[in-house]
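Notes follow once the structure below has been shown.
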Amino acid sequence: MIVSKRFASAVLVALALIGGAAAQPLPLPDRLIDLGSSAGERMLAESGARSAYASLGSHFVTQQTQSYCGVASLVMVLNALRVPAPAAAQYPPFHYFTQDNVLNDATEKIRPRAQIELHGMTLDQLGALAHALGASGDIRHASDVSIDAFRADAVAHLGRPGRYVLVNYLRSRLGQQTGGHISPLGAYDAAADRFLILDVSRYKYPPVWVTTADLHAAMNTPDADSGGRSRGYVLIDGAAGGG
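Using our numbering, the first residue of the sequence shown is number 159, and each one after it goes up by one.
Here it is as structure tokens:
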């Protein structure tokens, strides 16, 4: 489906207004395409699988600590799904997921807050936390999934309202700085065979378009915190019990 440049620009402006990114992000590798570039805007306008983009953009947050990429990603998805949220101390009397209130007694049994603050979370922990917080989905380790199968999984989800994809990948395989990272996907452009990563560490990098092959390779990397199992992705199928 092709949308107008006016529509794409309007949504880009909306994203820019939601907690704007830092003024001095890290240099972007040539293999990645900035969403804010002319090429990046064109890909979004021509994307046929972008249902996740606007709903996640309405709840786009920047991870509040270096280890909270998974927490920030979960907050975005839970709010986009409209899962019943706890009271938000910052916004009384409203209920809304934030990085301060999303972790609870149930998540503590899966990955204690203290450990998340130190080391973040693994792919399996991400999937388990999503389920505990009210989202239904499946975990896929990239070592068990071909590039074509990953593409099919992700495109199918990005093309349907209420479906989301969280990716766990190694930044260095994309030419970026630092190690493992988690963020949601926002769209897919078939002509370029690229996925849009809505990077939650917005003080480092903007949302970027990455080729399917590069993203799969970055996910198909061993995670020492996961016993050497590969990183991968979580397919969110909606709110638990919501079908």
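C-beta: ideal position from N, C-alpha, C; glycine also. Note that the coordinates shown come from a computational prediction; the quantities given were computed from them, not determined experimentally.
Classify glycine 385 as buried or exposed, calling it buried when 16 or more other Cβ atoms lie within 10 Å of its own Cβ. Using a 10 angstroms sphere on the CB of glycine 385, the tally of other CB atoms stays under 16, which defines it as exposed.
Evaluate arginine 389 with the Cβ neighbour count: other Cβ atoms within 10 Å of its Cβ, from every protein chain shown; 16 or more gives buried, anything less gives exposed. Of the residues assessed, arginine 389 falls on the buried side of the cut-off, its CB having 16 or more other CB atoms within 10 angstroms.
Identify whether tyrosine 211 lies in helix, strand or coil by the three-state DSSP scheme. Look at tyrosine 211 here: in three-state DSSP terms it is helix.
In this structure, how does DSSP classify asparagine 237 when only helix, strand and coil are distinguished? The three-state secondary structure of asparagine 237, taken from DSSP, is helix.
How about histidine 339 and tyrosine 327: are their beta carbons less than 8 Å apart? The answer is yes: Cβ separation under 8 Å.
Would asparagine 262 be called buried (16 or more neighbouring beta carbons within 10 Å of its own) or exposed? The residue is exposed, with fewer than 16 neighbouring Cβ atoms inside 10 Å.
Quick one: Cα of glutamine 221 to Cα of alanine 349, how far? Distance between the alpha carbons of glutamine 221 and alanine 349: 31 Å.
Could you pull out every unbroken alpha helix (DSSP H) segment of at least 4 residues lying fully inside the stretch 239-296, listed in chain order? DSSP runs (the alpha helix (DSSP H)) wholly in the stretch 239-296: 263-266, 271-277 and 281-290.
Which residues mark the beginning and the end of the alpha helix (DSSP H) in which alanine 300 is found? Where alanine 300 is concerned, there is no enclosing alpha helix (DSSP H), given that its DSSP letter is neither H nor E.
Along the beta strand (DSSP E) that carries alanine 345, what are the first and last residues, could you check? DSSP places alanine 345 inside the beta strand (DSSP E), whose first and last residues are 338-347.
From alanine 172 to alanine 212, what does the alpha carbon distance come to, in whole angstroms? Residue confidence is low: alanine 172 scores 46 on pLDDT, short of 50, so the model does not pin down where it sits. No coordinate-derived value is stated.
Which class does alanine 398 belong to by DSSP, given the choice of helix, strand or coil? Correct three-state label for alanine 398: coil.
Hey, how far is the Cα of glutamine 273 from the Cα of glutamine 182? Separation of glutamine 273 and glutamine 182 (C-alpha to C-alpha, rounded to the nearest whole angstrom) is 29 Å.
For threonine 336, count the other beta carbons within 10 Å of its own beta carbon; 16 or more makes it buried, fewer makes it exposed. Which is it? Under this definition threonine 336 is an exposed residue.
Touching or not, the stretch 195-211 and the stretch 349-367, by the rule of three or more beta carbon pairs under 8 Å? Contact holds: three or more Cβ-Cβ distances are below 8 Å.
Can you tell me whether proline 342 is buried or exposed? The criterion is at least 16 other CB atoms within 10 Å of its CB, across all chains shown. Buried, since its Cβ has 16 or more Cβ neighbours within 10 Å.
Is leucine 354 closer than 8 Å to alanine 345 when the C-beta atoms are compared? Cβ distance < 8 Å, so alanine 345 and leucine 354 count as in contact.
Which class does leucine 324 belong to by DSSP, given the choice of helix, strand or coil? DSSP places leucine 324 within a strand segment (E or B) once states are collapsed to three.
Within 10 Å of its beta-carbon, does alanine 307 have 16 or more other beta-carbons around it, so buried, or fewer, so exposed? With fewer than 16 other Cβ atoms within 10 Å, it is exposed.
Contact check, leucine 316 vs arginine 208 under 8 Å by CB: the rounded distance? About 7 Å; that satisfies the 8 Å criterion.
Pull up the distance between the alpha-carbon of alanine 230 and that of threonine 256, whole angstroms please. A straight-line Cα-Cα distance of about 8 Å links alanine 230 and threonine 256.
Using DSSP's beta-bridge definition, name the partner residues of proline 380. For proline 380, which the question treats as bridged, DSSP gives the partners Ser388.
State the DSSP-derived secondary structure class of arginine 200, mapped to helix, strand or coil. DSSP places arginine 200 in helix when its eight states are reduced to three.
Exposed unless 16 or more other CB atoms sit within 10 angstroms - verdict on alanine 286: Looking at its Cβ environment, which holds 16 or more other Cβ atoms inside 10 Å, alanine 286 is buried.
Would you tell me roughly how many angstroms separate the C-alpha atoms of glutamine 283 and isoleucine 191, rounded to the nearest one? In a straight line, the C-alpha of glutamine 283 is about 30 Å away from that of isoleucine 191.
Shortest alpha-carbon distance to glycine 206 belongs to which of Glu275, Asn237, Gln224 and Ala312? Taking each of Glu275, Asn237, Gln224 and Ala312 in turn and checking the Cα distance to glycine 206, the smallest one comes out for Ala312.
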